[in-house]
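Undergrad: Take a look at the following structure, please.
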Amino acid sequence: ALGQARTTAARRGVRLGLLLGACRAVSSAAAGPPPTRTVYLVRHAESRWNAAWRRLNVAAMLRETDHGLTVVGVDQAGTLAGVLLAEPIALGSPGAIITSSPLCRALQTAAVALCAAGARGSALVVLPDARE
């Protein structure tokens, strides 16, 4: 199912900065409803490109192709950790799937947020097709 979702997302051209999926199985009888899944989509925090764009600094925008986070972006990713902790997400549980774009800004956002949320043992799956 995950492979099919990747293919479908790639076909539709879905651009994901960061996808946090928390799957919760609902206990049910054999004839009951299917399990529910909660999916969280999170865009990357402020990147150097975003900051350069705001200042109209074309040289800084063109200097690199894979822009990492600014100091503000790292702070924003840390704030995301607090949001994640307030949600009913079992990071690191067998049903949780945490994926990211391979772009630096998305990986940095995921790493900072997950570490700050105490999910250091969680696996982060990088989806090569989830990019611009």
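Each number in the numbering used here comes from the position in the sequence shown (counting from 1) with 33 added on. Every residue gets a Cβ at the ideal spot worked out from N, C-alpha and C, and that includes glycine. Nothing here was measured: the structure is a model prediction, and the numbers come from that model.
Return the chain-ordered list of same chain residues with a C-beta closer than 7 Å to the C-beta of A150, the five sequence neighbours on each side being excluded.
TA: Here the question's residue 150 lines up with position 117 in the sequence shown. Counting only Cβ-Cβ distances below 7 Å, and skipping sequence neighbours, we find A114, L117, L118, L124.
Undergrad: Return the CA-CA distance between R57 and I131, expressed in angstroms with no decimal places.
TA: As a first step, residue 57 is located in the sequence shown; it is residue number 24 there, counting from the start. As a first step, residue 131 is located in the sequence shown; it is residue number 98 there, counting from the start. Note that R57 has pLDDT 33, beneath the 50 cutoff, so the model's placement of it is unreliable and the number below is only indicative. The C-alpha of I131 is placed about 14 Å away from the C-alpha of R57.
Undergrad: In terms of alpha-carbon separation, which member of A156, E120, T103 lies closest to A84?
TA: Position 51 of the sequence shown holds residue 84. Of the candidates A156, E120, T103, the one whose C-alpha sits nearest the C-alpha of A84 is T103.
Undergrad: Is A2 near V145, with beta carbons less than 8 Å apart?
TA: Since the first residue shown for the chain is 34 and the last is 165, residue 2 is missing from the structure and cannot be characterised.
Undergrad: With DSSP as the reference, label L102 as helix, strand or coil.
TA: Taking the sequence shown and counting its residues from 1, one reaches residue 102 at position 69. The answer is strand: DSSP assigns L102 an E or B state.
Undergrad: Return helix, strand or coil for R87, following the three-state DSSP convention.
TA: In the sequence shown, residue 87 corresponds to position 54, counting from 1. Here R87 sits in helix by DSSP.
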